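Working notes for the structure below.
Number of protein chains: 2
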Amino acid sequence: MTTIRELARRSGVSVATVSRVFNTPEVVSQHTRQRILDLAAEIGYLPNGSARTLATKKSNMVGLVWDTDHRRPGWRHPFLQEILVALKTALSAHGLNLLMLAGHDAAGPDDGQRYVRAVRQHNLDGAVIIDNGTRDPAVLALVEAQVPCVALDLRVDGPTSTYITSDNAGGAALAVRHLVERGHRRIATITGPLRTWPGAERLVGFRAALAGAGLPLADSHVIEGDFYLDGGHAAMNRLLALDDRPTAVFVAGDEMAVGAMRAAQAAGLRIPDDIAIIGFDDIEVAALIPPGLSTVAQNKPGFGTAAAEALVAMLHGGDDPPKPTVLPTTLVVRGST
Amino acid sequence: MTTIRELARRSGVSVATVSRVFNTPEVVSQHTRQRILDLAAEIGYLPNGSARTLATKKSNMVGLVWDTDHRRPGWRHPFLQEILVALKTALSAHGLNLLMLAGHDAAGPDDGQRYVRAVRQHNLDGAVIIDNGTRDPAVLALVEAQVPCVALDLRVDGPTSTYITSDNAGGAALAVRHLVERGHRRIATITGPLRTWPGAERLVGFRAALAGAGLPLADSHVIEGDFYLDGGHAAMNRLLALDDRPTAVFVAGDEMAVGAMRAAQAAGLRIPDDIAIIGFDDIEVAALIPPGLSTVAQNKPGFGTAAAEALVAMLHGGDDPPKPTVLPTTLVVRGST
DNA sequence: CTGAAAGCGCTTACAG
DNA sequence: CTGAAAGCGCTTACAG
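Pasting the structure below:
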């Protein structure tokens, strides 16, 4: 481990000058700068991050808050991997690294300050929050502590926070208009958990689009789901048992939609002839299960990229946090409609 | 940000004593220890991680090397999420955090030392490597630099490294024996990339089990795939074009197996009557696509847990790295066989 | 059991 | 454009 002192000695300058070469290069003379840089490469000098962080209070690390719901540990985010890739790539382009923050399962007290503590402890510059629908107080604490935060699919509000979300209402409307074009008039929905932002907004968009098309909506045609496959299955069974069974269903999540399709098929119905189904997300399976799940696609890498951009803007940027980003959605028609 | 100095002042002791309370509590008197602890909780004191790391050279952070293959950026690990959850949970139980290391796409030179550099720079205690099949020199550099490393599905060898893998050969044998029991005698395989450890080992196990059953294996019945869906599709088409078309195929990855099933169905074959297919991994879709993909299940969280344990053993442990962990696999029979 | 002091490797006003 | 010096917040022999 060669240190700045060693590099300074070898270059015949003070440590201050070496430090400047790496921090404010424009301030040191072209000649000595080059000499130091060459020598640094030669002896493999690397500034020690901890020392730097200690001196500057900036770590160039941002926390990733991604907890599994402890009540439903098996739950998988529909496209975590795509988000992670895009996020990591975009952040590293700005010299930022991602530190995964431990959640509930961690050793120690599971209190509402655990993320704030982690941020303070590691001098994190900010945090990216992936919502898991649990309304975790520890997440809100982060926002309240005025840590620069960007949340995905979770509406947070504060002087140092913003969020990224898809155009959930618009996407739902896309789905409804598609079903209407296909001639459906009795359209039901299986929603996400209404306490989540995507769950709530997709229902809003669904209702609005139905109203816009002049179609009625029976109360029994709105069933709250949970984003899980089994939940979609159960909800569909309830719809199928109805006297005024719908001819089409907007299922507000592909995972649930897969469950719903299975329920319909198990009931002996043909898709899309007896019942049409359209989902939301465009996860990989959507294309794989027959007859192919029509769906509303989200811009998956867009979440990661937008989150990184918003965070960087907050770290370098001015007083106000960036406006929330709303990513457009697109209709993907497959065999199920 | 209250510091150790502040806490010391308030408690009426030296910073050294406060430090000991958090590092070697047994060495300070019960009474003062309690007083300091109480006060610490009251004023919300947290040791500064950077200062600690600077002084001790230990960061309690481990690097996560998980690069997407830049030639195939769309590739998703079959069960990254399960690994991540288990890894994060197990590490945090030991007070370790995971820092995601930027890969190819990062700004700056994409050289073979980039992971080693990141480790030095952040004083990482070790690294967990998730193989992406690219034989990245930067990964080997990590092993050679004697950073404590545990690799998943990548055989690394060094005084500070070990690896975790499934019983790939055993799993393949499980699949073959199942097919043989079903009465198949003309069994082909679509392998993974043979440069990868799982790809190679599953073929070894396949051959051995076939030989054990006294069955012949035509060269044309071994096709090297790439773990991708399209690759499985293409490979299956080649098998179907054969004069001595197999009656069963062991496809060494579920993603490929799904592609293979589609190819068979597109060719008008019934599964499993005309051709039986068995995969490897047990990814989520396996249960979802009709008629259900029989497969060899890997212990997904086991990778994360075992990796954490191995790493912790190396960090605290003795001279020799832990022996490689080989996770057992299990047969999952569904409709495709 | 406790304290004084040196040291970890940087950065950054302050002078010059 | 450069250097000397203080400081960032800890830990840990060394004494006592």
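Each protein sequence line maps, in turn, to chains R and Z.
Residue numbers for the first sequence, in the UniProt record's numbering: 1 to 337.
Residue numbers for the second sequence, in the UniProt record's numbering: 1 to 337.
Glycine is no exception: its CB is placed at the ideal position from the N, C-alpha and C atoms.
All values derive from a computational prediction rather than experimental measurement.
Could you tell me whether the Cβ atoms of SER336(R) and ILE278(R) are closer together than 8 Å? yes
Give the residues from the segment 33-50 of chain R that approach chain Z closer than 9 Å (Cβ to any Cβ), ordered along the chain. Cβ contacts with chain Z: GLY44, LEU46, PRO47, ASN48, GLY49, SER50.
Where TYR228(Z) sits in the DSSP three-state scheme: TYR228(Z) carries a coil assignment under DSSP once its states are collapsed to helix, strand and coil.
Would you say the segment 176-187 of chain R touches the segment 132-142 of chain R, given that touching needs at least three Cβ pairs under 8 Å? no
For VAL62(R) versus GLY126(R), is the C-beta distance shorter than 8 Å? Taking a C-beta distance under 8 Å as the contact criterion, VAL62(R) and GLY126(R) qualify as a contact pair.
Have a look at ALA263(Z) and ASP254(Z) and give me their C-alpha separation to the nearest angstrom. Roughly 14 Å between the two C-alpha positions.
So the candidates are SER166(Z), THR196(Z), GLY214(Z), GLY171(Z); which of them puts its Cα closest to the Cα of GLY302(Z)? Cα-wise, what sits closest to GLY302(Z) is SER166(Z).
Examine chain Z for any beta-carbon lying closer than 8 Å to the beta-carbon of LYS58(R), and answer yes or no. no
Round the Cβ separation of PRO193(R) and GLY133(R) to the nearest angstrom and send it over; I've been treating them as touching at under 8 Å. 6 Å
When you compare the CB positions of VAL150(R) and VAL128(R), do they come within less than 8 Å of one another, or not? yes
Cβ atoms of LEU293(R) and ARG334(R): under 8 Å apart, would you say? Yes, they are a contact pair.
Can you check DSSP and say which residues form a bridge with ALA127(R)? GLY63(R), CYS149(R)
Have a look at LEU99(R), ILE83(R), ALA172(R) and flag the residue whose alpha-carbon is nearest the alpha-carbon of PHE280(R). ALA172(R)
Determine contact between the segment 44-62 of chain R and the segment 47-54 of chain Z, defined as no fewer than three beta-carbon pairs at a distance below 8 Å. The segment 44-62 of chain R is in contact with the segment 47-54 of chain Z.
Report, in whole angstroms, the separation of the C-beta atoms of GLN81(Z) and HIS31(R), which I expect to be a contact under 8 Å. In this structure GLN81(Z) does not touch HIS31(R) by the C-beta definition: roughly 52 Å separates them, more than the 8 Å allowed.
What residues from the segment 287-309 of chain Z come within 7 Å of chain R, judged by C-beta to C-beta, listed N to C? LEU288, ILE289, PRO290
With a CB to CB cut of under 8 Å and the five nearest residues on each side skipped, what residues in its chain are close to ARG207(Z)? LEU217
Taking 8 Å as the threshold (C-beta atoms), are MET236(Z) and ALA252(Z) in contact? In this structure, MET236(Z) does not lie closer than 8 Å to ALA252(Z) by Cβ.
Determine, using beta carbons only, whether THR191(R) and GLY199(R) come nearer to each other than 8 Å. yes
Might you give, ordered along the chain, the residues of its own chain that have their beta carbon closer than 6 Å to the beta carbon of ARG114(Z), omitting 5 neighbours on each side? ALA138
For ASN60(Z), which residues of its own chain have a beta-carbon under 6 Å away from its beta-carbon, when the five flanking residues on both sides are left out? GLY95, LEU96, listed in sequence order.
What separation, rounded to the nearest whole angstrom, lies between the Cα atoms of SER19(R) and ALA118(Z)? 19 Å
So which of SER220(R), HIS70(R), ARG120(R) has the shortest CA-CA distance to ARG135(R)? Closest by C-alpha distance to ARG135(R), out of SER220(R), HIS70(R), ARG120(R), is HIS70(R).
Residue of ARG35(R), GLU26(R), HIS122(R), GLY44(R) minimising C-alpha distance to LYS57(R): HIS122(R)
Nearest chain Z C-beta to VAL285(R) closer than 8 Å, yes or no? yes
Rounded to whole angstroms, what is the Cα-Cα separation between HIS233(R) and THR305(Z)? Taking the Cα positions, HIS233(R) is about 32 Å away from THR305(Z).
Mind listing which residues of the segment 142-156 of chain R have their C-beta closer than 9 Å to chain Z's C-betas, in chain order? none
Every unbroken beta strand (DSSP E) within the segment 6-63 of chain R, with a cutoff of 3 residues, ordered by chain: List check, beta strand (DSSP E) in window: nothing returned.
Name, going along the chain, the residues of the segment 119-136 of chain Z whose beta-carbon falls closer than 8 Å to a beta-carbon of chain R. ARG120, GLN121, HIS122, ASN123
Where does ILE4(R) sit, in a helix, a strand or coil, going by DSSP? In the three-state DSSP reduction, ILE4(R) falls in the helix class (H, G or I).
By Cβ distance below 6 Å, which residues in the same chain neighbour VAL312(Z) in space, the five residues on each side in sequence not counted? If the five residues before and after VAL312(Z) are omitted, its C-beta is found closer than 6 Å to the C-beta atoms of HIS94, all from its own chain and listed in chain order.
To the nearest angstrom, report how far apart ASN168(R) and ARG155(R) are at their CA atoms. Spanning the two alpha carbons is a distance of roughly 13 Å.
Mind checking if VAL258(Z) is an interface residue toward chain R, Cβ cutoff 8 Å exclusive? yes
Under 8 Å Cβ-Cβ, which residues of chain Z neighbour ARG334(R)? The premise fails here: ARG334(R) is roughly 14 Å from chain Z at the closest Cβ pair, so nothing lies under 8 Å.
Are any of the Cβ atoms in chain R nearer than 8 Å to that of LEU98(Z)? yes
Length of the line joining the Cα atoms of LEU288(Z) and ILE289(R): 7 Å
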